[in-house]
Amino acid sequence: MMMIPRKRNELDLFDSMFDDPFFDRKETKWMKTDIKEVGNNYVIEVDLPGYNKENIQIEMENGYLNVTAKVDNSNDEEEEGKYIHKERYYGECSRSFYVGDNITEEDIKASFKNGILTLTLPKEEQKKIENKKFIPID
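Residue numbering for the sequence shown follows numbering that gives the first Met the number 0, beginning at 0 and increasing consecutively.
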């Protein structure tokens, strides 16, 4: 068998395969969310894998439901070995949903199970438009 040295600028199929966007694993901090209508409620399901319940904050402000989550997977302890590849991250992400001025904190129920935050809130009552009323002219 004869070994032929490879030229440095020659295309290496194995290495270039991982340059394909399919293998791009840039972590997104965007909270993937589903919103569905169930009876007289809206149910908001937010994917938060790797987050702890204690690091999730939900608040109402000016008709907006704000969800903020923090995670810290950085490790300050000295570890044996050297990382070749690391995808864990730390940081904060948040989402806001306009739910209206008539919804209060007491109206919202929240639960967190298996990395999914579930928020249940009532539909805001729509004001009924009564029959036309005419304004008299003096």
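C-beta atoms are modelled at their ideal positions from N, C-alpha and C, and glycine is treated no differently.
Starting from residue i, follow the beta strand (DSSP E) in both directions and report where the run begins and ends.
{"i": "residue 117", "result": "115-121"}
{"i": "residue 71", "result": "63-71"}
{"i": "residue 94", "result": "89-97"}
{"i": "residue 60", "result": "55-60"}
{"i": "residue 108", "result": "108-112"}
Check whether the Cβ atoms of residue i and residue j lie closer than 7 Å to each other.
{"i": "residue 42", "j": "residue 35", "result": "yes"}
{"i": "residue 106", "j": "residue 120", "result": "yes"}
{"i": "residue 62", "j": "residue 97", "result": "yes"}
{"i": "residue 54", "j": "residue 31", "result": "no"}
{"i": "residue 89", "j": "residue 100", "result": "no"}
So what does residue i bridge to, in DSSP terms?
{"i": "residue 40", "result": "37 and 121"}
{"i": "residue 46", "result": "115"}
{"i": "residue 32", "result": "45"}
Spell out whether any CB of chain B is found under 7 Å from the CB atom of residue i.
{"i": "residue 30", "result": "The structure shown contains no chain B, having only a single protein chain."}
Whose C-alpha, out of the options, is nearest the C-alpha of residue i?
{"i": "residue 123", "options": "108, 93, 103 and 91", "result": "103"}
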